[in-house]
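To start, the structure itself, in structure tokens.
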Amino acid sequence: MRYDGSPDVSDAIVQVENLKKSYGPVEAVRGVSFEVREGEVFGLLGPNGAGKTTTVEILEGLRRPDDGHVRVCGLDPQRSGTAFKQEIGAVLQSTALPDLMRVDEALALFSSFYARRRNTEELIKRFGLEEKRKARYMHLSGGQKQRLALALALVNEPRVVFLDEPTAGLDPQVRREIYDIIEELKRDCKTILLTTHYIEEAERLCDRVAIIDHGKVMALGTPRELKARSAGTTRIQVRLARAAQDGALEKLEGVADCRQFEDSYVLHSRRPPQTIVALVKHLEAEDNELHSLEIAAPSLEDVFIEMTGRRLRE
Amino acid sequence: MRNTWILTAIRMRLALRNKAFFFFSVVMPLMFLFFFATVFGKGESSRVAYSLGQVLALTVMGSFWGLSVQLVIFRERGILRRFHLAPVAAFELLASSVIANYILVFPTIIVEFLLARWVFHMTQWGNLAGAFVLVSLGAVTFSALGLIVASVTNNMQETQVICNIVWMGFLFLSGATVPLPIFPVFMQRAALFVPATYLVTGLQKVLVRGDRLSTLGPDIFALLICFVFGLIVSVQLFRWEPEERLPGRAKLWAAAAVIPFLLLGAWEISHGGHRSEFISTFPSAPSR
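Top to bottom, those sequences are chains A and B.
Quick note: the first sequence uses my numbering, first residue 37, plus one each step.
Quick note: the second sequence uses my numbering, first residue 7, plus one each step.
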């Protein structure tokens with residue numbers, strides 16, 4: 037990777053190095069670095085306020101970085117102007133269209149700004165908007181607005197698509213519909229940079245994930261690589277009638293790590309059967325009760341918890 | 007330039023679907039016409055022409071409110087940032103709103119002329135070419151002033167406060183609603199510093215007396231300079247993002263757009279002139 041103006045020899049289509057951005061005294065992004073390869077679905081996974089949106093909006097050219105180097109398709113988003121905008125498509129986290137604009141008008145309008153254009157009729161069909169073709173933006177449901185936003189992101193056949201929390205606030209059914217669309221884009225080998233705080237979204241859709249928190253990349257790799265960091269442990273989540281004594285659960289047999297979250301405890305165990313037996317005995321001795329117990333293989337959330345001590349949605 | 011025309015077309019289409027636009031840009035000006043022509047016109051042709059000048063100015067000045075509020079709504083709702091992603095420049099976006107407004111104002115202006123002539127018995131047309139030039143200049147100048155307000159305010163609340171204050175000045179200190187000859191002398195003098203006064207009196211002169219454009223040089227020049235400054239300042243201060251804030255001193259740029267009117271007002275007061283004379287008396291008889 038070269039940032040000195042010499043020809044770009046990396047196969048990365050998005051390059052971010054030591055990116056920094058502050059809003060007054062708040063450091064939103066504190067030295068973020070990563071690369072996205074062509075045809076890859078890359079995820080930025082982190083809680084709200086982690087710096088995901090700021091990072092993506094800098095890559096989209098909407099915000100100016102304080103420091104660091106950014107290249108998208110070999111272009112500087114701040115300096116390359118129209119040439120840069122021709123290459124990208126995006127679904128923004130907070131945006132809208134004029135209330136009275138119709139679906140077909142919006143697609144025709146935005147496609148008309150670009151040199152390279154997709155057939156808007158094809159997009160309407162692909163995103164299941166045929167029945168809403170003449171509907172005004174104000175009359176669309178949340179899911180329909182999001183499908184329109186995805187269609188608008190593709191009107192110019194972009195080389196890189198940025199999806200900032202594309203399913204935030206949508207109900208599970210609509211969320212699955214959006215997943216199907218993104219998987220379709222993935223099959224078309226589109227380069228996608230996705231931000232999310234949904235574990236299942238990152239695990240299902242992303243080839244590689246950067247876990248980001250407090251403006252820094254905490255870990256980066258494929259979901260499998262990241263989960264391998266918790267290899268050898270099983271996640272046991274329990275809810276008790278009363279809070280356990282400090283440090284008591286950590287001492288149970290096989291427990292590698294124990295953290296408390298509101299009304300539940302998450303234990304990572306190397307020997308789950310022994311841990312469960314020890315847990316039951318401990319509760320009996322303490323005259324405490326077990327309200328629920330869930331056992332699962334470690335997820336990306338466990339990786340996040342291990343690194344930050346917090347849950348993604350805290 | 008291509009994007010400007012594309013945006014102009016869509017803005018016009020959206021405006022024509024908007025009931026509020028229809029009410030404020032068509033119904034309300036026509037209500038003013040009926041009210042003024044009845045109360046002030048009293049069936050006398052020159053007085054109807056005088057009132058028509060007021061109504062045309064009000065119709066044209068409406069763009070001040072419309073454009074400023076629309077731009078702030080677009081910014082606050084994140085609509086502008088969607089356009090920012092596309093290869094669209096701030097100038098194209100602003101110019102399209104001025105052009106769309108300019109085109110949309112003319113049907114109402116024509117209806118007002120025809121009603122004044124056929125319903126309220128205005129017997130002469132006045133200097134139609136002069137009226138066309140002043141309406142055109144007024145439409146783009148007051149659009150630009152609206153864009154300046156949108157550029158210097160940070161949210162809708164601020165926009166409404168500033169628009170209301172400025173709009174009150176435009177309405178009541180320019181002769182657009184209350185004829186200036188009714189005012190005491192000190193208020194007539196204050197009116198000489200209000201941009202709207204030059205539009206209202208300019209229109210009244212060309213409609214009532216059929217004045218040639220050559221006699222309205224300073225008025226036209228002031229409106230033109232205000233438009234150019236207004237557009238430049240609003241492009242310079244344009245913000246795509248709702249949370250972007252403007253430094254306090256940048257707001258002073260807005261004052262640049264009204265400098266021509268301050269100079270004209272000061273000149274008029276110190277030297278006296280036909281404008282001062284015009285705003286102190288009602289027209290007595292038609293010129294032709």
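Every residue gets a Cβ at the ideal spot worked out from N, C-alpha and C, and that includes glycine.
- By a beta-carbon distance limit of 8 Å, I235(A) contacts E337(A). Their separation comes to about 5 Å.
- Against S148(A), the close residues of chain B are I12, in the order they occur along the chain (beta-carbon pairs closer than 7 Å).
- Going by C-alpha positions, R212(A) is about 37 Å away from A279(A).
- Among the CB atoms of chain A, none fall inside 8 Å of the CB of N160(B).
- Proximity of chain A to G84(B) at the Cβ level (cut-off 8 Å) is accounted for by L128, S130, T131 and A132, in chain order.
- F176(B) sits buried, since 16 or more C-beta atoms from the chains shown fall within 10 Å of its C-beta.
- In its chain, beyond the 5 residues on either side, V52, A246, V253 and L256 have a beta carbon closer than 7 Å to the beta carbon of F70(A).
- Among the CB atoms of chain B, none fall inside 8 Å of the CB of L176(A).
- In terms of Cβ geometry, L241(A) and G79(A) form a close pair [threshold 8 Å].
- In terms of beta-carbon proximity, E141(A) lines the interface with chain B, with at least one pair separated by less than 8 Å.
- By a beta-carbon distance limit of 8 Å, A263(B) contacts G236(B). Their separation comes to about 5 Å.
- The continuous alpha helix (DSSP H) containing C232(B) extends over residues G223 to Q242.
- In terms of beta-carbon proximity, H127(B) stays away from the interface with chain A, with every pair separated by 8 Å or more.
- Bridge pairing for T227(A): V196(A) [DSSP].
- In this structure, L198(B) is the residue among D225(B), L198(B), L205(B) and F233(B) with its C-alpha nearest to the C-alpha of E274(B).
- For E96(A), the residues of chain B that pass the 8 Å Cβ criterion are L91, in the order they occur in the chain.
- At a beta-carbon threshold of 7 Å, the residues of chain B lying near Q122(A) are P93, ordered along the chain.
- Contact of L20(B) with chain A is assigned, a C-beta pair being separated by under 8 Å.
- With respect to the 8 Å criterion, D249(A) and A86(A) are classified as neighbours on the basis of their beta carbons.
- H127(B) counts as exposed, since fewer than 16 other beta carbons sit within 10 angstroms of its beta carbon.
- Taking a contact to require three or more Cβ pairs closer than 8 Å, the stretch 111-128 of chain B and the stretch 199-212 of chain B do not qualify as touching.
- Separation of the CB atoms of V75(B) and T165(B) is rounded to 6 Å, and the pair is thereby assigned contact status at 8 Å.
- One finds nothing in chain A with a Cβ atom closer than 7 Å to the Cβ of N107(B); even the nearest lies about 15 Å away.
- A Cβ of chain B is located within less than 8 Å of the beta carbon of T118(A).
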